[in-house]
Amino acid sequence: MYDRNPPYYYARACKETIFKGGLQSGAVDTTALMYNERNSIVAESWRRVQAVIWNRALIRIEKGSLGLASNKVRKGDMVYIIYGCTVPLILQKKEYKSMQERRLEKFEDGVESMKRLVQKCEKNRARRADWERKKDAAREDIEKLQEVRFIEETTKEFNSKIKRNPSEVMEKLVPRCKRNRDRRAKWEEKKRSAEEDESIEKLWEIKVIQKQTER
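Count the sequence shown with the working numbering and you get residues 19 to 233, in order.
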């Protein structure tokens with residue numbers, strides 16, 4: 019479709035925006051208008067404005083005509099009108115790079131990839147450490163609560179059986195304490211195995227980084 023102009027009501031939407039806040043502040047926040055404006059016509063008009071002029075450059079050709087183009091245009095670029103295209107095309111002369119320049123670019127890309135991988139690993143490690151800290155804190159709270167409950171239950175049981183022979187009470191308390199110690203020892207063993215798994219995971223991350231660097 020040729021000669022498509024913006025709808026007639028876009029001018030009124032722009033005027034309304036300027037009178038709302040543009041005159042007082044001297045600037046218009048188009049992002050706020052697109053996402054916070056109640057009037058859908060105003061929001062839609064500014065979406066089209068951003069799509070057309072954002073990241074664009076105002077250019078002037080040798081004949082004096084003005085136009086909007088990519089912000090990467092340079093002096094000496096050629097403007098072509100090609101059959102079948104609704105807009106002119108800007109062609110830029112491309113120079114071939116030497117082997118040394120390409121190797122340098124490849125090395126720089128590898129360095130940037132390495133930096134991104136290291137940052138990602140650091141974030142994952144910090145996230146895991148935070149999670150482990152929260153898990154340990156929650157486990158400590160649970161253990162304290164279990165100890166308090168055990169003491170309360172033991173006290174109740176002891177008070178209820180104080181009239182009986184104390185040796186019978188101790189015979190029941192000693193196995194319970196032993197079971198608690200065994201559970202504690204198993205938990206410590208699981209914790210050590212988890213730490214070993216974490217060290218293996220760190221070693222795996224280092225190997226992945228080395229492979230990315232070799233590429």
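Beta carbons: idealized from backbone N, C-alpha and C, even for Gly. Every value quoted in this text rests on a predicted model; they were computed, and no experiment measured them.
Name the DSSP beta bridge partners of residue i, please?
i, result
"I77", "G85"
Nearest-angstrom Cα distance between residue i and residue j?
i, j, result
"D154", "R143", "16 Å"
"Y26", "V70", "17 Å"
"A31", "V60", "5 Å"
"R74", "E150", "48 Å"
"I77", "F125", "35 Å"
"P24", "D127", "42 Å"
"L107", "G82", "17 Å"
"M117", "N89", "28 Å"
"Y20", "S63", "With a pLDDT of 47 at Y20, under the threshold of 50, the modelled position of that residue is not reliable, and no figure is offered here."
"R66", "V46", "15 Å"
"T48", "K111", "35 Å"
I need the boundaries of the alpha helix (DSSP H) containing residue i, first residue and last residue.
i, result
"I71", "S58 to I71"
"N54", "T48 to N54"
Quick check on DSSP: helix, strand or coil for residue i?
i, result
"V105", "coil"
"E140", "helix"
"R134", "helix"
"Q164", "helix"
"Y114", "coil"
"P24", "coil"
"K209", "helix"
"V192", "helix"
"R92", "coil"
"K33", "helix"
Would you mind reading off the limits of the beta strand (DSSP E) that contains residue i?
i, result
"Y98", "M96 to Y98"
My guess is that residue i and residue j are in contact by the Cβ rule of under 8 Å, so how many angstroms apart are they, rounded?
i, j, result
"L109", "Y98", "6 Å"
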